[in-house]
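K.L.:
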Amino acid sequence: MDVTLTTTDIAVPDFERVCLVRETRLGYEAVFAIHDTTLGPAVGGTRVREYGAVEEAVADALRLARGMTYKNALAGLPFGGGKTVILGPAPTEPALRHAFFGAHGAAIARFEGRFITGEDVGTTPADMESVAAATDHVGGRESGMGDPSPYTALGVLYALEAAAHDSWGHPSLEGRTVALQGVGAVGLHLARLLRDRGAHVVVADVADARLAAAHRIEGVRAVAPDRIFDAAADVFAPCALGGVLDRSTVERLPARIVCGAANNQLAEPGLDARLRQRGIRYVPDYVANAGGVISGAVDLAGWDRARMEEALRRISSTVRDVFALADVTETGTQSAADRLAEQRLGGGADPRGADRAQCPV
Ligand code: NAI
Numbered sequence: 029m030d031v032t033l034t035t036t037d038i039a040v041p042d043f044e045r046v047c048l049v050r051e052t053r054l055g056y057e058a059v060f061a062i063h064d065t066t067l068g069p070a071v072g073g074t075r076v077r078e079y080g081a082v083e084e085a086v087a088d089a090l091r092l093a094r095g096m097t098y099k100n101a102l103a104g105l106p107f108g109g110g111k112t113v114i115l116g117p118a119p120t121e122p123a124l125r126h127a128f129f130g131a132h133g134a135a136i137a138r139f140e141g142r143f144i145t146g147e148d149v150g151t152t153p154a155d156m157e158s159v160a161a162a163t164d165h166v167g168g169r170e171s172g173m174g175d176p177s178p179y180t181a182l183g184v185l186y187a188l189e190a191a192a193h194d195s196w197g198h199p200s201l202e203g204r205t206v207a208l209q210g211v212g213a214v215g216l217h218l219a220r221l222l223r224d225r226g227a228h229v230v231v232a233d234v235a236d237a238r239l240a241a242a243h244r245i246e247g248v249r250a251v252a253p254d255r256i257f258d259a260a261a262d263v264f265a266p267c268a269l270g271g272v273l274d275r276s277t278v279e280r281l282p283a284r285i286v287c288g289a290a291n292n293q294l295a296e297p298g299l300d301a302r303l304r305q306r307g308i309r310y311v312p313d314y315v316a317n318a319g320g321v322i323s324g325a326v327d328l329a330g331w332d333r334a335r336m337e338e339a340l341r342r343i344s345s346t347v348r349d350v351f352a353l354a355d356v357t358e359t360g361t362q363s364a365a366d367r368l369a370e371q372r373l374g375g376g377a378d379p380r381g382a383d384r385a386q387c388p389v
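Numbering-wise (this note's numbering), the sequence shown opens with residue 29 and increments by one.
(1) Would you call D30 buried or exposed, if buried means 16 or more other Cβ atoms sit within 10 Å of its Cβ?
(2) Given the structure, does I119 come close to ligand 1, in the sense that its CB is under 7 Å from one of the ligand's heavy atoms?
(3) With which residues is V229 paired in a DSSP beta bridge?
(4) Grab me the residues of N317's own chain with a C-beta within less than 6 Å of its C-beta, minus the 5 sequence neighbours each way, in chain order.
(5) Taking DSSP's pairing of strands, which residues face F264 in a bridge?
(6) Buried or exposed: which applies to P176, given that a residue is buried once 16 or more other Cβ atoms fall within 10 Å of its Cβ?
(7) Can you give the beta carbon distance from K99 to Y310, rounded, assuming they're within the 8 Å contact cut?
(8) According to the Cβ coordinates, are V76 and I114 closer than 8 Å?
(9) If you check the beta carbons only, do A301 and T359 fall under 8 Å apart?
(10) For the alpha helix (DSSP H) containing F60, list its first residue and its last residue.
(11) Output yes or no for whether 8 Å exceeds the beta carbon distance between V184 and L208.
(12) Could you tell me if V272 is buried or exposed, where buried requires 16 or more neighbouring beta carbons within 10 angstroms of its beta carbon?
(13) If we call anything under 8 Å between Cβ atoms a contact, is D64 one with T97?
(14) Hey, quick one: how far does the beta strand (DSSP E) through D349 stretch, first residue to last?
(15) Shorter than 7 Å, the distance from the beta carbon of R238 to the closest heavy atom of ligand 1, or not?
(16) What do you reckon, are the CB atoms on I285 and A191 nearer than 8 Å?
(17) Please indicate yes or no: does the CB of L208 lie closer than 7 Å to some heavy atom of ligand 1?
(18) Can you tell me the Cα-Cα spacing of L33 and A237, whole angstroms?
(19) What do you get for L124, buried or exposed, if any count of 16 or more other CB atoms within 10 angstroms of its CB means buried?
(20) Helix, strand or coil for G72, going by three-state DSSP, please let me know.
(21) Strictly by DSSP, which residues pair up with K111?
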């Protein structure tokens with residue numbers, strides 16, 4: 029089907045390009061946020077969510093796009109940061125859904141490689157195949173690396189071992205207890221990796237089917253979702269939702285390390301400093317959960333598996349760098365990670381270069 033896209037630009041300071049793209053016949057409406065392409069094309073997933081208003085979708089896209097810039101920079105990837113959020117719901121009927129994500133692909137094609145997407149919350153590898161019908165600038169396809177969750181889990185494990193080394197003098201997790209919130213795609217892989225390393229794993233999930241899958245891993249025990257923050261554990265690993273660390277839950281944690289996959293774990297700025305005051309090592313979420321986007325480099329940047337594995341392992345040294353900077357500057361680790369990412373961005377090409385103004389959509 030021919031698609032007719034209309035584009036409305038939104039001026040946002042510090043962003044290279046923000047626009048709203050619509051295909052009215054398909055009910056398609058998406059916000060594209062290209063934050064920074066200093067290090068390479070902006071890479072960020074496609075999220076589908078039901079937003080109360082367009083402004084809410086724009087705010088989400090901006091926050092997520094900036095986060096991708098920082099995540100990609102610290103992961104050593106040749107990518108900038110961007111994000112697209114589609115105002116859901118997306119159609120569920122297969123032919124309509126295929127056309128819908130085809131329109132999304134046509135919108136992405138207009139960025140001529142300046143923005144590359146992949147799956148995210150609310151989208152699947154099959155949706156990315158539909159996107160690929162209209163553009164090459166898409167990863168996370170069924171025919172490529174597919175589900176990034178195993179790599180995300182492995183990256184969290186490396187981050188956790190680095191934090192363990194920092195806290196206890198050696199990276200071994202044997203005999204340590206990890207309180208794991210959320211045993212979905214990432215959490216379940218992580219639970220297995222932790223068990224393989226001799227850790228005790230306590231899990232919580234709101235979905236019975238997920239808990240049943242976790243129970244099949246030997247030795248895993250479960251607590252009620254609201255008790256996971258208080259579970260006697262050395263490590264708290266948030267792998268469910270964002271915003272779980274707020275002023276109240278931060279005070280409840282007995283753990284000495286927080287390290288998990290969930291995006292935007294801190295409900296408000298400054299909580300990283302409070303965690304530091306409490307003697308808890310917090311591995312910033314976008315440092316710990318970079319494994320997924322690192323796996324994307326195989327499809328998007330032509331990396332081979334050895335290079336991907338090396339980048340996954342480098343998450344450990346990034347954790348050490350972040351902790352060292354936080355100690356020297358006596359700041360929270362989230363602030364330290366942001367600063368480190370900004371330093372890396374400063375070392376790239378001129379981010380305000382001429383072609384920035386020529387973004388084609
Ligand atoms: P998922 O949706 O497969 O799993 C999330 C799990 O959390 C589900 O089992 C859900 O039932 C559970 N959950 C929801 N609310 C809960 C609560 N209040 N208490 C306990 N459990 C709860 O998602 P996935 O892919 O495993 O991702 C987990 C987190 O990691 C998300 O925040 C995601 O944005 C982030 N992330 C995931 C990546 C990936 O490769 N899948 C990459 C980077 C970040």
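Idealized CB from N, CA, C, for every residue including glycine.
P.N.:
Checking against the coordinates, here is how it stands:
(1) Label assigned to D30: exposed.
(2) Checking the sequence, you will find Pro at residue 119 rather than Ile. A distance criterion of 7 Å places the beta-carbon of P119 beyond contact range of ligand 1, judged by its closest non-hydrogen atom.
(3) V206.
(4) Here the set comprises T180, A289.
(5) In the DSSP secondary-structure assignment, F264 is bridged to A207, V286.
(6) So P176 counts as buried.
(7) No, K99 and Y310 are not in contact; Cβ-Cβ is about 16 Å, not under 8 Å.
(8) In this structure, I114 lies closer than 8 Å to V76 by Cβ.
(9) In this structure, A301 sits near T359, with a CB-CB distance shorter than 8 Å.
(10) For F60, no alpha helix (DSSP H) run applies; the uninterrupted beta strand (DSSP E) run containing it begins and ends at 56-64, by DSSP.
(11) Taking C-beta atoms as the reference points, V184 and L208 fail to come closer than 8 Å.
(12) By the neighbour-count rule (16 or more Cβ atoms within 10 Å), V272 is buried.
(13) Taking 8 Å as the Cβ cut-off, D64 and T97 qualify as a contacting pair.
(14) Note, D349: premise wrong, no beta strand (DSSP E); alpha helix (DSSP H) at 333-357.
(15) Distances from the CB of R238 to the heavy atoms of ligand 1 include at least one below 7 Å.
(16) In contact: I285 and A191 (Cβ atoms closer than 8 Å).
(17) False, no ligand heavy atom lies under 7 Å from that Cβ.
(18) Using only the alpha carbons, I get a separation of about 40 Å.
(19) Burial check for L124: the Cβ neighbour count within 10 Å stays below 16, so the residue is exposed.
(20) For G72, the three-state secondary structure derived from DSSP is coil.
(21) Beta-bridge pairing links K111 to A61.
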